[in-house]
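Quick note: to get this note's numbering, add 41 to the position in the sequence shown (first position is 1). Don't be surprised by glycine CBs; every beta carbon is placed ideally from N, CA and C. Here is the structure we will look at, set down as structure tokens.
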Amino acid sequence: MDLRSRAAQIHRRFELIVALLIIAGVALVLASADSASASGEATTTPETTTTTPTEAPPSAEGDPAGTPPPATEPAPIEPVPAEPSATPAEPDPLAARRRSSPRISSARVSPATVFLGSRRHAVFHFDLAGNRARRLLVKVVKVSTGKVKKRFRLGRVEPGQRQRVAWDGMLAGGDGASGQGEHAFRVFAGGERAAVSRDSETQRFGFYGNRFPLLGRHTYGDGFGAGRGHQGQDVFATCGTRIVAARGGRVQTKAYQSAAGYYVVIDARGTGQDYVYMHMERGDRPRAGSWVRTGETVGHESDSGDATGCHLHFELWTAPGWYEGGHARPPTRPLKRWDGWS
Ligand SMILES: [Zn+2]
């Protein structure tokens, strides 16, 4: 092969490469124009396609239709990526305070009503929520006055460990019993009252000095006086209904008498008053000299002695008590109050 023909061959190859490059270039331009038109932002020239952001809305600021959006205006897009990173990164001072405040969960009190001198105390259960131990103080307050009746220092408490506080209604330092009414347990840490989570029941309970002495359905019969020197209140119920001490104390008398039938006199602890229960069954009465708690069985409803139909004849005697120098006082109103909360 001579030099000329070789040169011509090289030239043809060069022309072929140039032609291929041009075809490739045109194909690229067409492809980009095509994708732009597919996103609805097609403009007549490929130059505008590259300078105008495809995401830019045509008239975000309410421009008249047909006005092309400014090519350098990224405003509508800017906040979108900025927002999600800003919210979790920025700490909310209130949220942080909420997290650090003491909080308790699964709080509850049982029973709903507690009686002075009863075996059943007000028992408060709760968990410390959160993830750090705290020194806790539990207060019992009388709801109507807000006065603190008792304090329990629990020391350092780990979260999630079931706590239990029981209160018998007595004040600190042997100062007798709290007043009657609604009470509540409250938890404090570092002087701050703990918030209570929604899975909690009430922290309140009723505290009373006496309970109603009959455990069953009942109706009121003759009251005090009743035209014949009746010294008590009769309460009718099904024969055998359990009778409990309205107020605990020492059993002063356990006896039988032709009018009273089988009866019991209890020297109510801390009052000087005597509570008298008559017309009972013979059995199940506490012996004289023993101590009974509020709510403990003192007998069962019957018609022993001079009685028509099974009923409890109940008397209240002022200090110093039944045939000890006291006198019978009308028991109907107190009985009905006790009935209301028992
Ligand atoms: Zn009677």
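Three-way DSSP call (helix, strand, coil) for residue i in this model
i           : result
residue 335 : strand
residue 378 : helix
residue 371 : coil
residue 342 : strand
residue 125 : With a pLDDT of only 43 at residue 125, under 50, the local geometry of the prediction cannot be trusted, and no value is derived from it.
residue 215 : helix
residue 151 : strand
residue 141 : helix
residue 308 : strand
residue 163 : strand
residue 253 : coil
residue 243 : coil
residue 91  : Annotation note: pLDDT 39 at residue 91 (below 50); position unreliable, coordinate value reported separately. Helix, per DSSP.
residue 364 : coil
Start-to-end residues for the beta strand (DSSP E) that takes in residue i
i           : result
residue 296 : 290-298
residue 265 : Residue 265 -> no beta strand (DSSP E), and no H or E assigned at all.
residue 208 : 204-208
residue 320 : 315-321
residue 191 : 189-198
residue 177 : 175-183
residue 283 : 283-285
Paired residues, beta bridge with residue i - DSSP
i           : result
residue 233 : 230
residue 146 : 168
residue 274 : 355
residue 222 : 248
residue 302 : 298
residue 261 : 276
Integer Cβ distance of residue i from residue j, believed to fall under 8 Å
i           : j           : result
residue 155 : residue 248 : 5 Å
Just jot down, in chain order, the residues whose CB lies closer than 6 Å to any heavy atom of ligand 1. That query returns the following residues: 263, 271, 273, 275 and 354.
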